[in-house]
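Contents: one structure, followed by commentary.
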Amino acid sequence: MAASPESLHANTSTPHLKRTDYIKRMDSSESSTSSWDLLPNDGTAVIDLGSDTPLSFTSGSLTPTEKNAKNEYDFMQQMRTKIVEEVGGQVWAAGKSQALRFFDLYSNIDTLRPYFDVEPKEVLVRLSQSLVPRKTTKPQTVAGELYGPMMVVFTLVALLLFSMKFSGHTVQEGTLMGTAIGVCFGYWLGGSIFFYFLSYLCNAHITLLQIVSLTGYALFSHCICILLATVTHESTHGVFYIAIFILGGLSSLRMLGVYVSRTWSKHQGIIIGSIVATIHLLFLLYLHFAYHSTYEEAANLLGREKRSIFSGILVPSSITST
Numbered sequence: 001m002a003a004s005p006e007s008l009h010a011n012t013s014t015p016h017l018k019r020t021d022y023i024k025r026m027d028s029s030e031s032s033t034s035s036w037d038l039l040p041n042d043g044t045a046v047i048d049l050g051s052d053t054p055l056s057f058t059s060g061s062l063t064p065t066e067k068n069a070k071n072e073y074d075f076m077q078q079m080r081t082k083i084v085e086e087v088g089g090q091v092w093a094a095g096k097s098q099a100l101r102f103f104d105l106y107s108n109i110d111t112l113r114p115y116f117d118v119e120p121k122e123v124l125v126r127l128s129q130s131l132v133p134r135k136t137t138k139p140q141t142v143a144g145e146l147y148g149p150m151m152v153v154f155t156l157v158a159l160l161l162f163s164m165k166f167s168g169h170t171v172q173e174g175t176l177m178g179t180a181i182g183v184c185f186g187y188w189l190g191g192s193i194f195f196y197f198l199s200y201l202c203n204a205h206i207t208l209l210q211i212v213s214l215t216g217y218a219l220f221s222h223c224i225c226i227l228l229a230t231v232t233h234e235s236t237h238g239v240f241y242i243a244i245f246i247l248g249g250l251s252s253l254r255m256l257g258v259y260v261s262r263t264w265s266k267h268q269g270i271i272i273g274s275i276v277a278t279i280h281l282l283f284l285l286y287l288h289f290a291y292h293s294t295y296e297e298a299a300n301l302l303g304r305e306k307r308s309i310f311s312g313i314l315v316p317s318s319i320t321s322t
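Under full-length UniProt numbering, the letters of the sequence shown match residues 1 to 322, in that order.
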């Protein structure tokens, strides 16, 4: 059956109308979503950047790129926190272990035990040897221990403190005990370090421990001289000068012989030995003359006490006889 012209025209016009409606709808949708329509119509000047795409302000929604960036940031924050915790824990553990080793009494005793493990007989022998000079034909042995020297220095501190207390000696700063300890230990340790420096300059084959031990034992003569000066100062000064000449000279010669025998060059050994012996004797003179009034007052006090004791013994006997 043949189709009429009207029906053909209707069939061809229908798709055309539908296509026109679709174009109009697209134009209307584009015009409705334009950025110009989003702005209020109040005469405000607006600069168009040439983008008609509307911005997305939806809260709680992130793009995949932002999600990846957030995940990486969270991961780095967690890694940083973990590293800080690990490093802090290791530092704390290391510091704790070092503090425990430092304050562990038994470990410190074990470390210092070889330097104080000395028999009393050996200490007495070394005290007597400190007053006996030897020949310098071969290197002399020096005991590297600290028990004997430390006891000698404490004895010197006790003698000095005894003299100051009995004489009523006062100090402007500090205490009598602090003064005595500072003077004695200062010379023992400070002088030993200075002697070691001289030994290093003169190429002497002696260690710091041996110098500390040698200097400490050499102070035994100082103890005897100060004791004699304190006791006999009331009657005469000659006893002290004789003691410093004999005992101080013997201990100084002993130190001189040790340094000369343990130095490669005899000339350098004599130089360093002479310096050490001179400083050793000057320290003894300093102890005597710096506290001269102390020794004199202590000796006078002891003399008065002796006279009072003798008078107390004799007076009652005379009364009973009468």
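The beta-carbon is built from N, C-alpha and C at its ideal position, and this holds for glycine as well. Computed from a predicted structure; not experimentally measured.
Count the other CB atoms within 10 Å of the CB of residue i; is the residue buried (16 or more) or exposed (fewer)?
i: residue 175; result: exposed
i: residue 230; result: buried
i: residue 64; result: exposed
i: residue 81; result: exposed
i: residue 177; result: exposed
i: residue 111; result: exposed
i: residue 136; result: buried
i: residue 287; result: buried
i: residue 280; result: buried
i: residue 88; result: exposed
i: residue 240; result: buried
i: residue 91; result: exposed
i: residue 95; result: exposed
i: residue 258; result: buried
i: residue 238; result: exposed
i: residue 100; result: exposed
Within 8 Å (strictly less), CB to CB, does residue i reach chain C?
i: residue 206; result: The question asks about chain C, but that chain is absent: this structure has only one protein chain.
In terms of DSSP beta bridges, what is residue i paired with?
i: residue 204; result: 263
Cα-Cα, which of the options is closest to residue i?
i: residue 114; options: 144, 123, 153, 277; result: 144
i: residue 155; options: 260, 185, 138; result: 185
i: residue 243; options: 253, 257, 228, 256; result: 228
i: residue 134; options: 286, 262, 290; result: 262
i: residue 163; options: 240, 75, 98, 226; result: 226
i: residue 118; options: 74, 151, 223, 137; result: 151
i: residue 179; options: 69, 193, 265, 159; result: 159
i: residue 255; options: 216, 237, 238; result: 216
i: residue 205; options: 93, 253, 260; result: 260
i: residue 187; options: 87, 126, 149, 224; result: 149
i: residue 124; options: 85, 90, 218; result: 218
i: residue 265; options: 138, 238, 78; result: 138
i: residue 223; options: 253, 207, 161; result: 161
i: residue 132; options: 253, 290, 289, 282; result: 253
i: residue 290; options: 207, 183, 208, 278; result: 183
So residue i is in the alpha helix (DSSP H); what residue range does that whole segment cover?
i: residue 129; result: 120-129
i: residue 241; result: 238-243
i: residue 179; result: 176-185
i: residue 141; result: From DSSP, residue 141 is part of no alpha helix (DSSP H); its letter is neither H nor E.
i: residue 228; result: 220-232
Check the C-beta distance from residue i over to residue j and give it rounded, since I have them as a contact under 8 Å.
i: residue 247; j: residue 221; result: 4 Å
i: residue 140; j: residue 202; result: The pair is not a contact, with the Cβ atoms about 16 Å apart (cut-off 8 Å).
i: residue 213; j: residue 146; result: 7 Å
i: residue 210; j: residue 142; result: 4 Å
i: residue 272; j: residue 199; result: 6 Å
i: residue 130; j: residue 251; result: 6 Å
i: residue 193; j: residue 157; result: Actually they are not in contact, since the Cβ atoms of residue 193 and residue 157 sit about 19 Å apart, beyond 8 Å.
i: residue 195; j: residue 276; result: 6 Å
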